[in-house]
Structures are given as structure tokens and as C-alpha cells.
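Working notes, structure below.
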Amino acid sequence: MTQTDTRPSVDPRLLERPVLPTEWLHPAGREPSGDWARLPFGSSRMLPSAAYTSPLVFRWEQRHVFAAGWTCVGREDELRVGPDEPSGRPLTQRVVAVGDVSVVLTWPGDEVVALANTCRHRAHELLAEDDSATRQSLVCPYHAWSYDLAGRLRQAPGYHGMAGFEPADHGLVRLPVQRWHGWLFVHAASPLSDPVVADFDTYVGGLDEIVSPYAPEDLELGARHTYEVAANWKVITENYHECYHCPLIHPELCQVSPPESGHNHDLAGAWVGGCMDLRDGMETMSVTGRSDGRPLAGVSRTTVEYLGLWPNLLISAHPDYVMTHRMVPLTADRTWVECSWYVPRIGDGQSVDPSYAVEFWDITNRQDWKACESVQRGLSSPHASPGPFGPGEDAVHAFVQLVARCYQGQPVTRDHAGSAPTTAGAPSPGRLR
Ligand code: FES
Ligand SMILES: [Fe+2]
């Protein structure tokens with residue numbers, strides 16, 4: 000059976016190029032070209048609408064943002080649980096998509112390994128999409144070459160004794176993978192030890208000192224919602240990084256957290272974020288402001304952190320739970336979002352009921368998705384053009400600068416050495432009047 004490929008035809012060499020062709024961002028001179036990316040906050044503008052709507056830009060991003068970034072593929076403990084594994088044995092192998100590259104995660108022991116899901120014989124996939132297994136070897140379904148969990152070729156039927164054939168030359172391609180506070184991050188575009196791969200600690204940079212006190216690795220999954228949002232992943236991220244919109248669309252949020260509160264962090268790394276305050280007497284982000292959970296030890300009881308690690312993990316750290324949004328772009332105008340609530344383990348077979356947090360954030364998520372979907376429709380209008388950043392949108396500007404650096408083939412990791420906060424990141428409607 001053949002299927003019609005509806006993707007736009009494009010010279011594959013353009014997709015391989017680490018610099019986004021500028022004509023894809025400015026088709027037919029519809030929007031001013033100019034180096035919008037380099038302008039400082041206050042004089043720069045939003046991204047051109049094609050950045051959010053063009054299938055070509057989307058395909059380029061799949062390779063150069065997601066496959067060639069440190070993309071979060073989920074929590075390791077959750078990735079090891081198989082949907083069809085009645086024995087409860089942890090998985091030894093699982094397929095994940097990282098941008099446009101298929102990857103097999105394996106666990107030969109305590110170590111985690113990432114392998115290209117591409118056989119070294121004739122490139123058949125070793126495991127099908129979303130597949131997983133508890134076997135100790137990877138066997139290609141095409142001609143039965145088999146590999147161990149470290150990717151070494153063990154059997155190549157019919158090749159035994161063949162002159163010039165060295166199994167050691169035909170192992171699966173190993174890819175960089177990192178653990179960080181319970182999550183796994185894969186860099187799928189380059190082999191392990193390739194010097195183009197950003198050092199992970201440098202990439203995370205100063206984010207670690209903000210996230211570490213919450214010890215997400217010690218928390219357990221309390222609840223999860225998944226959403227398919229009809230908006231580009233950058234629209235969702237930009238919306239996350241400003242509360243300028245809060246007074247208009249989030250009445251529940253404004254009851255517990257002043258939308259003009261907080262400040263942005265200015266630390267090194269490939270991330271953007273800041274914190275906001277809880278109102279006096281409020282314990283957490285919930286409809287009532289009360290917590291039905293347990294406070295996390297050693298973290299602020301009066302603030303909530305909103306942190307976006309490039310490219311796809313948003314971490315919202317509360318006094319009593321950590322919520323994440325993990326984004327998987329599906330098309331230029333659709334994004335799958337996994338929203339997870341992580342709560343403290345309390346033992347004795349008991350667990351925290353996170354309903355209070357889920358109720359609040361599901362309301363807020365849906366308010367945000369509605370706005371993001373409207374923005375996406377607006378961006379597809381021939382009359383859309385990049386607007387200026389307002390005073391409360393400096394974190395959006397910081398994110399757009401990461402995008403712009405990536406489009407220009409530059410590293411996205413900021414190397415700020417200082418830790419002084421920038422001006423308030425949350426909106427200040429008073430300053431706009
Ligand atoms: S393609 Fe995998 S064994 Fe032939
Ligand atoms: Fe919002």
C-alpha cells in the first residue's frame with residue numbers, strides 16, 4: 000500500500016544545514032527581514048509568523064532543535080515500566096522519538112544507554128515505534144542481526160568467517176544520554192563523544208541550583224494529563240513565560256498569586272525562567288490556595304518557580320509539588336503536551352492525593368490552550384506580523400533569543416556568570432498605562 004506524502008518537497012540539504020534558511024522565515028518578503036534576533040529587549044520583536052506555521056521550519060526544528068538538543072524523553076522510572084509487561088519486570092529496551100530520530104534506550108544494568116534505532120546491516124528499525132521489551136538482546140526483524148544492550152553486534156547470520164567482516168565494526172551507533180533529577184535527556188543527532196554535543200552540565204547551568212532543593216528524583220508521579228494542543232510548541236512556551244495575560248484569562252490564578260509579582264533568573268545555561276509569589280496566607284497554587292499535600296523540605300513556602308529547559312521541558316516547582324509540561328511537537332501547528340504532577344512519597348502504602356493541584360492546573364492549562372490556539376490561528380492570517388515585547392515579556396524575549404540563536408546555528412547555552420536577577424519578568428499592568 001502506498002500513502003501520499005503530504006510533506007512539502009524540499010532539498011534535503013537545506014534540512015541538514017545547521018542554519019535555518021532565512022527565506023523560510025520571510026517568505027515573499029511578507030515581513031521585514033532585518034536581524035530581529037540580535038536586538039536587545041525593548042527594541043526587538045517577536046519571531047516572524049512563519050516560525051510558527053511553516054512545515055519547512057517545523058521539519059528543520061525537528062532535526063536541529065529537538066534531535067540536536069538535549070531533549071527530555073521522560074522520567075526514567077516511568078520509561079522502564081512496560082504497558083504489556085504483566086511480570087512487572089523493568090524494561091531493558093524502549094523506543095523513543097527524539098525530534099526526527101528514532102532512539103532505543105537500553106538498560107544493560109544500572110547504566111542507561113541510548114542507541115540509534117537503525118540496524119547496521121540495511122538500516123531496518125530494530126524496534127517499532129513505541130515498542131519496548133525485557134529481552135537482553137536487540138534482534139533486527141529483517142535478517143536477524145542481533146546486538147547486546149550496549150549495541151555490540153553479537154550475531155550476523157551467514158557472515159561467520161566472511162573475509163574482512165569484523166563484528167566490532169558494525170555495532171549500533173551510541174548516542175549521548177543523561178540523567179538529571181529523575182528525567183532522561185537524549186541528544187539524538189550526533190554520536191556519543193562528538194565534540195559538537197554541548198556538555199550537559201554546562202547546558203543545564205544555573206538551573207540545577209534552583210531545581211535541586213525540590214529533589215524531583217525523590218518525588219512520585221501523582222497524576223498525569225495529556226493534551227493535544229492546536230498550537231506550535233513555541234507559542235505554548237512563550238505563553239508559559241509571561242503572566243501579562245493572567246489578569247484577563249486566569250481569574251483563579253490571580254486569586255492565589257499576584258500576576259505582577261516575581262522576577263526572572265539570569266543564570267548560565269540553556270533555559271529561561273523566574274519565580275512568582277503566593278499571596279499572603281496562600282500555601283500553594285490550588286483553587287482555594289490551600290494545600291492538601293505535604294510541604295517539600297528546604298524549599299520556599301512563598302514562591303513558585305516557572306522554569307523552561309530548552310527545548311521541551313517546563314518545570315513548575317511549588318512549595319508542595321512539582322508539575323512538569325513535556326512537549327512533543329507533532330506538526331507546525333499541533334503539540335502533544337504531557338502534564339505531570341510529582342508529589343512527596345509518604346510511605347506505608349499511602350500517597351498524597353494531588354487532586355487539589357490537578358484541579359487548579361487543569362483549569363489553568365485549558366485557559367492557556369484556548370489562548371494558544373487562538374494565537375496559532377491568528378499567526379496563520381496574512382495580516383500577522385511580529386509585535387513588540389511588553390515590559391512583562393522579558394522572559395519571552397529571552398526564549399525568543401534562544402530560538403534565534405538556534406536558527407542562526409549558534410549554541411543556545413547562555414554563559415552568564417552572574418546571578419543577579421533581571422527586571423521583573425511578570426507583568427506590571429501599571430507600567431503599561
Ligand atoms: S537490516 Fe537488520 S538484519 Fe538486515
Ligand atoms: Fe497562562
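Read the sequence shown against numbering that gives the first Met the number 0 and you will find it ends at 432, with the numbers running on by one and no gaps.
Cβ coordinates follow ideal geometry from the N, Cα and C atoms, glycine included.
| For Arg89, which residues from the same chain have a beta carbon less than 6 Å from its beta carbon, with the 5 sequence-adjacent residues on both sides left out? | The sequence given here has Pro at residue 89, not Arg. Cβ neighbours of Pro89 within its own chain (closer than 6 Å, five residues either side excluded): Arg79.
| query | Closest to Val321 by CA distance: which of Glu219, Arg121 and Arg119 is it? | reply | Glu219
| said: Measuring only the C-alpha atoms, how far is Asn364 from Cys245? | reply: 12 Å
| query | With Pro294 and Pro318 assumed to form a contact (beta carbons below 8 Å), what rounded beta-carbon distance in angstroms separates them? | reply | 5 Å
| field | Short Cβ contact (8 Å threshold) for Leu312 with Leu206 | value | no
| message | Helix, strand or coil for Val203? Go by DSSP, reduced to three states. | response | helix
| Glu259, DSSP secondary structure in three states | Reduced to three states, the DSSP call for Glu259 is coil.
| What span of residues does the beta strand (DSSP E) with Tyr226 cover, start to end? | Glu219 to Val228
| query | Is it buried or exposed for Arg153, if we count other Cβ within 10 angstroms and need 16 for buried? | reply | Answer is exposed; the Cβ neighbour count stays below 16.
| Val234 and Cys405: beta carbons closer than 8 Å? | no
| query | Heavy atom of ligand 1 less than 7 Å from the Cβ of Ala143, yes or no? | reply | yes
| field | Reduced DSSP category for Trp309 - H, G, I as helix; E, B as strand; rest coil | value | coil
| said: Mapping the DSSP letters down to three states, classify Ile314 as helix, strand or coil. | reply: Reduced to three states, the DSSP call for Ile314 is strand.
| query | Mind pulling the beta strand (DSSP E) runs of 3 or more residues that sit fully within the stretch 65-144? | reply | 70-74, 92-97, 100-105, 112-115 and 136-138
| request: Can you tell me the Cβ-Cβ gap for Phe65 and Pro310, rounded? I've got them flagged as a contact below 8 Å. | output: Phe65 to Pro310, Cβ: 6 Å. Contact.
| task | Could you tell me which uninterrupted alpha helix (DSSP H) segments, each at least 4 residues in length, are contained entirely in the stretch 279-309, listed from first to last along the chain? | result | none
| message | Can you tell me which residues form a DSSP beta bridge with Ser339? | response | Arg223 and Thr323
| query | At a cut-off of 7 Å, is His382 close to ligand 2 when judged by its beta-carbon and the heavy atoms of the ligand? | reply | Not one heavy atom of ligand 2 lies closer than 7 Å to the C-beta of His382.
| message | Among Asp393, Gln92, Lys369 and Ala331, whose alpha-carbon lies nearest the alpha-carbon of Leu247? | response | Lys369
| Among the residues of its own chain, which have a CB less than 8 Å from the CB of Gly280, if the five just before and after it don't count? | Gly288
| message | If you reduce the DSSP assignment to three classes, tell me which class Thr21 lands in. | response | helix
| field | Best match in Glu358, Ala331, Thr70 and Phe164 for proximity to Ser379 [C-alpha to C-alpha] | value | Ala331
| The alpha helix (DSSP H) with Arg404 in it runs from where to where? | Asp393 to Tyr406
| Straight-line Cα distance separating Ala269 from Tyr202 | 5 Å
| message | Quick check on Gly33: does DSSP put it in helix, strand or coil? | response | Its pLDDT being 46, under 50, Gly33 is placed unreliably in this model, and the coordinates cannot settle the point.
| Span separating the alpha-carbon of Asp193 from that of Leu401 | 22 Å
| message | Nearest by alpha-carbon distance to Asp200: which of Pro215, Phe184 and Asp265 is it? | response | Phe184
| query | Roughly how many angstroms lie between the CA atoms of Cys118 and Asp109, to the nearest whole one? | reply | 24 Å
| Cβ shell of Ser32 (< 6 Å), same chain only, five flanking positions each side left out | Because the pLDDT at Ser32 is just 48, under 50, the model does not fix this residue reliably, and the point stays unresolved.
| message | Could you check whether Leu277 and Val303 sit closer than 8 Å to each other, using their CB atoms as the reference points? | response | yes
| query | Cβ of Cys245 within 7 Å of any heavy atom in ligand 2? | reply | yes
| Taking all protein chains shown into account, do 16 or more other C-beta atoms lie within 10 angstroms of the C-beta of Ala222, making it buried, or fewer, making it exposed? | buried
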